[in-house]
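As structure tokens, the structure follows; a few thoughts come after it.
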Amino acid sequence: MASSFFPDFGLMWYLEELKRDEFKKFKDLLRKEPLELGLKPLPWGEVKRATRENLAKLLTVNFEEEQAWNVTLSIFHKIGRKDLCEKAKKEITGHAKTYQAHIKEKFSNLWFQEARTRIHEYLDQENARKEQESLQRLFAPKRTGKWTRTVILLGPQGVGKTTYLVKLMLAWAEGNLFRERFSYVFYFCCQELKQLTKTSLAALISRDWSDSLAPLQEITSQPERLLFIIDSFEELKHDLNEPESDLCSDWTEKRPVQVVLSSLLRKKIFPESSLLIAAKPVYPRKLELSLDGPEIRELLGFSETDRKLYFYTIFRDRNRAMEAFRLVRENKQLFCMCQIPVLCWAVCTCLKQEMDKGRDLAPTCQHTTSIFTSFIFGLFTPKGAGCPDQQSQRLLKGLCFLAAEGMWTDTFVFSEEDLERNGLCDSDIPALLGLKVLQKCRAFEKSYAFIHMCIQEFCAAMFYLLSRHAQHPNPAVGSLEALLLTFLKRVNVYWIYLGCFLFGLLREEEQKKLDAFFGIHLAQEIQQKCHQFLQRIAENEHPWKQVDFLALCYCLYEMRNEDFVQWAMDFFQAVKLSIIDDADLVVSAYCLKHCSGLRTLWSQNTTEGRCSGCVLRFLNNVSFPRGSRLFFEVLTHSPHLKCLNLSGTKLSRNAVKLLCEALNNPTLSDSVAKRDGHLFENKLASVLPVNPNLRNLQLGYNDIEDTGVKLLCEGLTHPSCRLEILGLGECKLTSACCQDISSVLTSSKTLRILNLGGNALDLSGMVVLCEALRHPECTLQVLSLKKEELDEETQRFLMDEEKKNPKWPIIGE
Numbered sequence: 001m002a003s004s005f006f007p008d009f010g011l012m013w014y015l016e017e018l019k020r021d022e023f024k025k026f027k028d029l030l031r032k033e034p035l036e037l038g039l040k041p042l043p044w045g046e047v048k049r050a051t052r053e054n055l056a057k058l059l060t061v062n063f064e065e066e067q068a069w070n071v072t073l074s075i076f077h078k079i080g081r082k083d084l085c086e087k088a089k090k091e092i093t094g095h096a097k098t099y100q101a102h103i104k105e106k107f108s109n110l111w112f113q114e115a116r117t118r119i120h121e122y123l124d125q126e127n128a129r130k131e132q133e134s135l136q137r138l139f140a141p142k143r144t145g146k147w148t149r150t151v152i153l154l155g156p157q158g159v160g161k162t163t164y165l166v167k168l169m170l171a172w173a174e175g176n177l178f179r180e181r182f183s184y185v186f187y188f189c190c191q192e193l194k195q196l197t198k199t200s201l202a203a204l205i206s207r208d209w210s211d212s213l214a215p216l217q218e219i220t221s222q223p224e225r226l227l228f229i230i231d232s233f234e235e236l237k238h239d240l241n242e243p244e245s246d247l248c249s250d251w252t253e254k255r256p257v258q259v260v261l262s263s264l265l266r267k268k269i270f271p272e273s274s275l276l277i278a279a280k281p282v283y284p285r286k287l288e289l290s291l292d293g294p295e296i297r298e299l300l301g302f303s304e305t306d307r308k309l310y311f312y313t314i315f316r317d318r319n320r321a322m323e324a325f326r327l328v329r330e331n332k333q334l335f336c337m338c339q340i341p342v343l344c345w346a347v348c349t350c351l352k353q354e355m356d357k358g359r360d361l362a363p364t365c366q367h368t369t370s371i372f373t374s375f376i377f378g379l380f381t382p383k384g385a386g387c388p389d390q391q392s393q394r395l396l397k398g399l400c401f402l403a404a405e406g407m408w409t410d411t412f413v414f415s416e417e418d419l420e421r422n423g424l425c426d427s428d429i430p431a432l433l434g435l436k437v438l439q440k441c442r443a444f445e446k447s448y449a450f451i452h453m454c455i456q457e458f459c460a461a462m463f464y465l466l467s468r469h470a471q472h473p474n475p476a477v478g479s480l481e482a483l484l485l486t487f488l489k490r491v492n493v494y495w496i497y498l499g500c501f502l503f504g505l506l507r508e509e510e511q512k513k514l515d516a517f518f519g520i521h522l523a524q525e526i527q528q529k530c531h532q533f534l535q536r537i538a539e540n541e542h543p544w545k546q547v548d549f550l551a552l553c554y555c556l557y558e559m560r561n562e563d564f565v566q567w568a569m570d571f572f573q574a575v576k577l578s579i580i581d582d583a584d585l586v587v588s589a590y591c592l593k594h595c596s597g598l599r600t601l602w603s604q605n606t607t608e609g610r611c612s613g614c615v616l617r618f619l620n621n622v623s624f625p626r627g628s629r630l631f632f633e634v635l636t637h638s639p640h641l642k643c644l645n646l647s648g649t650k651l652s653r654n655a656v657k658l659l660c661e662a663l664n665n666p667t668l669s670d671s672v673a674k675r676d677g678h679l680f681e682n683k684l685a686s687v688l689p690v691n692p693n694l695r696n697l698q699l700g701y702n703d704i705e706d707t708g709v710k711l712l713c714e715g716l717t718h719p720s721c722r723l724e725i726l727g728l729g730e731c732k733l734t735s736a737c738c739q740d741i742s743s744v745l746t747s748s749k750t751l752r753i754l755n756l757g758g759n760a761l762d763l764s765g766m767v768v769l770c771e772a773l774r775h776p777e778c779t780l781q782v783l784s785l786k787k788e789e790l791d792e793e794t795q796r797f798l799m800d801e802e803k804k805n806p807k808w809p810i811i812g813e
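Per full-length UniProt numbering, residue 1 is the first one in the sequence shown, and the count goes up by one each step.
Structural data, given as structure tokens:
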């Protein structure tokens, strides 16, 4: 029996086919069968206790694979399961073996034909073990013992999802992966599938299996042993939202490709099969909700250690590598980009070129655009030449035209006709591939893509400094104004850096590089048009509704022209802002300090118009590094700011200290501070007496607890405190804190509204609070509670109190 069969068809599946009494007979015969075949006996105690899965392992551990199968098939014959013997023999000698060899050849060719930069060599050397462990865990059983059948693999473009899947296919074809789980693994690339109109699942499978339909039916006779891999799912631009009635259950029926894939993914076809779907994190929640209990896995790219090691690999000098790494690390956006392997290669290549020329790396590393400008111009300048030749200029200009067309038409894979339309002929392709700015596309013959979408975005931005949009051969390419509006409104989810690169290219240093390479550019004209565009936005009654403020911040930060930023920010009196990470923090701080007229700043999911407030939400991933002081100094630059709302944050001790220093600043007027997370209440308590302007303090959904309230109440009872509204809803309070709160109620001359809803208050606490409410010095007008969460005894007590005094300040929520 051929040994190449055994890695592919595990014993476990065949043992699962036995009924309970057949499995018992199998074990009984297993006591003697090895001896009859000249093999050593298995330990009977282990055999007797073994489950089907454990018995399969026992056989493969104690015998060579061929011997294990000889024993198994001999016993199948003796217990009357000749059908299993025949099935195994047919699979061994037939289509499975042939398909396995075909996949091995196909994916080996893909792997070795790919243009390989040194990044791949590094990955192969450093990450082989970790990748193998990751692959093995993909379809591992859960703690409940239930097998995972659907996995979504998320990761940004260029992080290595397709490479990961190619390695999976090769590992399976070589018998090193899923040997007990899958008989057949099928790989579908959505870049290729989106070109199809009507098809069937049978037709998709048969692309890799050219035999007649009969073998296909044989292959799919065990659907639980099939794995379907769907790569680049976002390319279909489809969210699996068809009505159930539109799906098909017949795998041979021809339907639109989106319907066929929806039917497969939503388990209308082969519900027992397993699925692995690779996608960009564009709309993962929609995808997750459409599937049956998927497991989410993320490919995160290079860790910080990986990035550091890769810098050593490229620079081959520890001191030079550490200097470059330190400078890149200081640029949050650039350092984040280096998580993507191919971008890490581009950054390292650029910095090494600059260092070899004796240039100072610090100015280049401060601006992401500067890295890309130096990288691209460095690639297209012949080695040893002081300036580019006409051929290099023509190639790069054609590449910029191609990139712009792609951005406006959502095209990221280009045909030879696309290249020719944009001034690039067949003879130019080897040069572009050799420069590693383009790469061959796996999915199609004679098709090409930029090595990363960032490179395409940069070249598309540069197009606008080299030519006017009307000169482009494709009328789909929009004007500069259309580009700005599309980017700043975040209309296109694929436009990540395009606007930032455009503003970055307007810097004087980048204009000098453009002059040196092309001799002419439209930077001054473009800057004037950007000025006019923002001027028109500002003429709207609510300019903050016209653009995404954070997107504009990124553009202005990349430009770093103080006069232009000051002019642009003066238009904004109200701003919506949502900070997610350190980079958001730094760029928003840079721009907000120029918002001298800022009055209102709030989060996008705060009810519009509820309060004039500054809401900086979702800071849970922010570590508040060196940019922290700059960020909190924003408060002192905005003397008209009335409300500050910090919600959903996890501020460090240092960050809270900086916040309180800003709140203590006499230029700041009425301020509201709110957050969810661990806030140092004693710091805020110290602010209350020294800032008489602080009128509204919202600390809801924060783990204040009783000890925190005690500290706050010390500040609230101070004679200088003028607080009027205090929110302590959902703060994990108990009745133990009610005595401290009652002392505030009887001493404060200004407190009008107090929210205690959602806390674990019982009768004892309410008795204390009500006693304070009766006090003649109490000025409270509203005490807000969630009455339905109180116990019955407490609710009856409050009802009695309300009957005695109809104007009682307690209200329900």
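Every residue gets a Cβ at the ideal spot worked out from N, C-alpha and C, and that includes glycine. Just so it is clear, the structure is predicted and the values come from calculations on it, not from any experiment.
With contact counted as at least three CB pairs below 8 Å, one residue from each stretch, are the region 498-510 and the region 461-468 in contact? yes
Residues that DSSP places opposite R297 in a beta bridge: L153
In terms of residues, what are the limits of the alpha helix (DSSP H) holding Q535? A523 to A538
Excluding sequence positions up to five away, which residues of its chain have a Cβ less than 6 Å from the Cβ of M337? L343
Buried versus exposed, by CB contacts within 10 Å (16 or more), H469: buried
Going by CA-CA distance only, name the one from V260, T252, V185 and E272 that's closest to E224. E272
Going along the chain, which residues of its own chain have a beta-carbon closer than 7 Å to the beta-carbon of L42, five neighbours each way excluded? L30, P34, L58 and N62
Under the DSSP definition of a beta bridge, which residues are partnered with Y464? DSSP, once it has assigned bridges, lists no residue as partnering Y464.
Helix, strand or coil at L785 according to DSSP, with G and I counted as helix: strand
Put S232 into one of helix, strand or coil per three-state DSSP. coil
Grab me the residues of P243's own chain with a C-beta within less than 6 Å of its C-beta, minus the 5 sequence neighbours each way, in chain order. none
Throw me the rounded Cβ distance for the residue 880 and Q157 pair, which I believe falls under 8 Å. With the chain running from 1 to 813 in the structure shown, residue 880 is simply not present.
Cβ-based burial, C425 [other Cβ within 10 Å; buried from 16]: exposed
Relative to the C-alpha of V259, which candidate in T199, I219 and D292 has its C-alpha closest? T199
Cβ shell of L498 (< 8 Å), same chain only, five flanking positions each side left out: M407, E457, A460, A461, L483 and F487
Quick one: what's got a C-beta closer than 8 Å to T717's C-beta in the same chain, skipping five residues either side? S743, V744, S747 and S748
Among the residues of its own chain, which have a CB less than 7 Å from the CB of T252, if the five just before and after it don't count? S200 and A202
Compute the distance between the beta-carbons of S249 and Q222, then report whether it is under 9 Å. no
Is the CB-CB distance between I277 and I205 below 9 Å? no
In whole angstroms, what separates the C-alpha of D356 from that of A140? 48 Å
Using the DSSP secondary-structure output, state which residues sit across from Q698 in a beta bridge. G727
Can you name the start and end residues of the beta strand (DSSP E) that I75 belongs to? Unbroken run through I75 is the alpha helix (DSSP H), E65 to K78; no beta strand (DSSP E).
Tell whether a beta-carbon distance below 9 Å holds between S784 and G757. yes
Where do the N-terminal and C-terminal ends of the alpha helix (DSSP H) with Y310 fall, by residue? E304 to F315
Alpha carbon to alpha carbon, how far is F375 from R329? Give it in angstroms, no decimals. 18 Å
Which two residues bound the contiguous alpha helix (DSSP H) that contains A321? R318 to E330
Would DSSP call S720 helix, strand or coil? coil
Residue interval of the beta strand (DSSP E) (run including N755): I753 to N755
Can you give me the C-alpha to C-alpha distance between E160 and C441, rounded to a whole angstrom? First, the residue type needs correcting, since residue 160 is Gly and not Glu in the sequence shown. So the two alpha carbons sit approximately 14 Å from each other.
Can you tell me whether C338 is helix, strand or coil according to DSSP? coil
State yes or no: is the C-beta of R49 within less than 9 Å of the C-beta of E16? no
If you draw a straight line from the C-alpha of A171 to the C-alpha of H521, how long is it? 51 Å
Can you give the Cα-Cα distance for K146 and G398, rounded to whole angstroms? 54 Å
Look up L240 in the DSSP assignment and say whether it is helix, strand or coil. coil
Rounded separation between W13 and T707 - CA only: 59 Å
P363 versus E508, F549 and R20, residue with shortest Cα-Cα distance: E508
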